[in-house]
Amino acid sequence: MTSIRDRLPEVRGSYTPNDPMARHTWFGVGGPAEILFSPLDTADLAEFLAACPSNIPLFAVGAGSNLLVRDGGVSGVVIKLSTHMKAIRHEGTRIIAETGASDADVARYAQKAGIGGLEFLIGIPGTIGGGLRMNAGAYGSEFKDVTVVAHGIDRIGEPFSATPAAMGMAYRHSEAPADWIFTIAELQGQTDDPAAIKARMKAIVASRGDAQPRGVRTGGSTFANPDGSKAWQEIDKAGCRGLSIGGAQVSEKHCNFLINTGTATAKDIETLGETVRDRVLAGGGPPLRWEIHRVGRNQNEGAPE
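For the sequence shown, my numbering begins at 42 and goes up steadily by one.
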């Protein structure tokens with residue numbers, strides 16, 4: 042029987058078979074990727090996509106901060122962009138960042154370059170690619186506010202460029218095709234004093250530390266805020282603060298965060314999230330939409346999704 046590796050093109054980056062996704066997600070849970078591919082650069086990724094058989098499932102990840110991989114793993118190829126594709130540069134007040142770069146690194150680069158308006162990125166876990174995909178935001182700003190254009194490669198290896206409007210970017214959402222893989226973002230800032238930018242970033246970091254759990258395994262905000270309310274308030278009203286299932290727990294500090302206390306499985310975390318959603322609805326609250334992306338299959342199921 043031919044293995045999936047035998048059907049993949051040669052690359053300049055690396056392939057790792059059966060790579061545990063627990064190593065690549067902030068939750069620290071999840072079964073293996075059938076193949077993990079770390080492209081060396083954009084050209085390597087484009088050549089891979091052009092030659093990869095169309096019936097092999099692909100899924101791109103960055104830092105894995107907003108991701109829950111189920112315990113049975115992920116079939117096909119998981120493309121990890123943050124291993125190599127994380128260069129950052131600027132032209133005037135425009136930042137040009139590869140999408141494997143972390144949001145925090147882009148914020149720090151902009152500060153040193155005297156480019157303001159991107160400070161909010163210091164408060165967002167994850168990478169630029171993930172931020173584009175979900176229009177991530179924090180502290181009153183979001184990706185669509187600063188993105189001029191995003192570049193990438195589609196499933197057949199063809200390049201694309203798209204503006205926030207073309208991608209239908211809205212609150213924690215974009216309508217970009219699922220098979221688009223973002224490679225570069227052009228982000229617009231403005232000239233500012235590096236010391237003033239640094240002070241604002243310091244305030245954001247302090248605020249985040251005061252309000253959010255630190256030093257624990259979590260995937261960031263679990264649910265998007267419903268219209269006219271805050272997800273954490275709805276969760277708190279439903280009596281879910283501190284609720285636990287297996288090794289997963291609703292954070293006591295900020296109840297829109299789920300925590301792996303050390304022994305959680307992906308099933309524990311997902312079951313806890315669904316229990317929270319059910320309790321909020323049962324108490325007359327609004328339906329909560331998962332902000333964390335869930336992929337793969339449960340343990341002992343058939344082929345992964």
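Built from N, CA and C at the ideal position, the CB exists for glycine as well.
Provide the residue span of the beta strand (DSSP E) that contains residue i, from first to last.
i: Glu-75; result: 73-79
i: Thr-312; result: Looking at the DSSP string, Thr-312 is not in any beta strand (DSSP E); the run it does join, the alpha helix (DSSP H), is 307-323.
i: Thr-121; result: According to the sequence provided, residue 121 is Lys. The question's Thr does not apply to it. It spans 115-121 - the beta strand (DSSP E) in which Lys-121 sits, taken as one unbroken run.
i: Ile-222; result: 222-229
i: Arg-135; result: 135-139
i: Arg-241; result: Counting along the chain, Arg-241 falls outside any beta strand (DSSP E), though it belongs to the alpha helix (DSSP H) covering 235-252.
i: Arg-130; result: 129-132
Mark residue i as exposed unless 16 or more other C-beta atoms lie within 10 angstroms of its C-beta, in which case mark it buried.
i: Gly-314; result: buried
i: Ala-344; result: For Ala-344, the predicted structure reports a pLDDT of 48, less than 50, and the residue's modelled location is therefore unreliable. A value from the coordinates is still provided. Exposed is the call here.
i: Ser-95; result: exposed
i: Arg-318; result: buried
i: Arg-46; result: exposed
i: Gly-337; result: buried
i: Lys-243; result: exposed
i: Arg-255; result: exposed
i: Lys-271; result: exposed
i: Gly-113; result: buried
i: Thr-306; result: buried
How would you write the range of the alpha helix (DSSP H) that residue i sits in, first residue to last?
i: Gln-274; result: 272-278
i: Gln-152; result: 144-153
i: Ala-92; result: 83-92
i: Lys-294; result: From DSSP, Lys-294 is part of no alpha helix (DSSP H); its letter is neither H nor E.
i: Ala-207; result: Segment: none, Ala-207 is in no alpha helix (DSSP H) and carries neither H nor E.
When DSSP builds the beta bridges, which residues end up paired with residue i?
i: Tyr-56; result: Phe-78
i: Pro-200; result: Ile-194
i: Gly-178; result: Glu-183
i: Ser-262; result: Phe-298
i: Trp-331; result: Phe-264
Quick one: Cα of residue i to Cα of residue j, how far?
i: Gly-198; j: Phe-68; result: 31 Å
i: Glu-346; j: Gly-117; result: With a pLDDT of only 44 at Glu-346, under 50, the local geometry of the prediction cannot be trusted, and no value is derived from it.
i: Gly-261; j: Pro-58; result: 28 Å
i: Glu-183; j: Ser-202; result: 19 Å
i: Pro-50; j: Ser-123; result: 21 Å
i: Leu-90; j: Phe-264; result: 32 Å
i: Arg-64; j: Arg-330; result: 26 Å
i: Gly-71; j: Thr-232; result: 43 Å
i: Gly-133; j: Tyr-212; result: 29 Å
i: Ala-142; j: Ile-222; result: 14 Å
i: Ile-225; j: Ser-248; result: 29 Å
i: Leu-109; j: Leu-299; result: 11 Å
i: Gln-274; j: Thr-204; result: 34 Å
i: Arg-335; j: Glu-75; result: 17 Å
i: Cys-281; j: Gln-290; result: 9 Å
i: Asp-144; j: Tyr-56; result: 26 Å
i: Thr-304; j: Pro-61; result: 16 Å
i: Cys-93; j: Thr-66; result: 25 Å
i: Gly-155; j: Pro-218; result: 34 Å
Based on Cα-Cα distance, which residue from the options lies nearest to residue i?
i: Glu-88; options: Gly-164, Ala-307, Arg-196; result: Arg-196
i: Arg-111; options: Arg-320, Lys-308, Leu-322; result: Lys-308
i: Asp-234; options: Ala-206, Val-147, Ala-151; result: Ala-151
i: Gly-193; options: Ala-323, Arg-213, Tyr-212, Gly-171; result: Gly-171
i: Gly-103; options: Ile-169, Lys-185, Phe-298; result: Ile-169
i: Ser-215; options: Thr-306, Thr-83, Asn-176; result: Asn-176
i: Phe-355; options: Lys-121, Gly-230, Ile-97; result: Nothing can be reported for residue 355, as the shown portion of the chain is limited to 42 through 346.
i: Asp-146; options: Ala-128, Thr-304, Arg-135; result: Ala-128
i: Leu-188; options: Ile-136, Leu-81, Ala-217; result: It is Thr, not Leu, that sits at residue 188 in the sequence shown. Thr-188 has its Cα closest to that of Ile-136, out of Ile-136, Leu-81, Ala-217.
i: Gly-158; options: Cys-93, Ala-237, Pro-80; result: Ala-237
i: Glu-293; options: Gln-253, Arg-320, Gly-178; result: Gln-253
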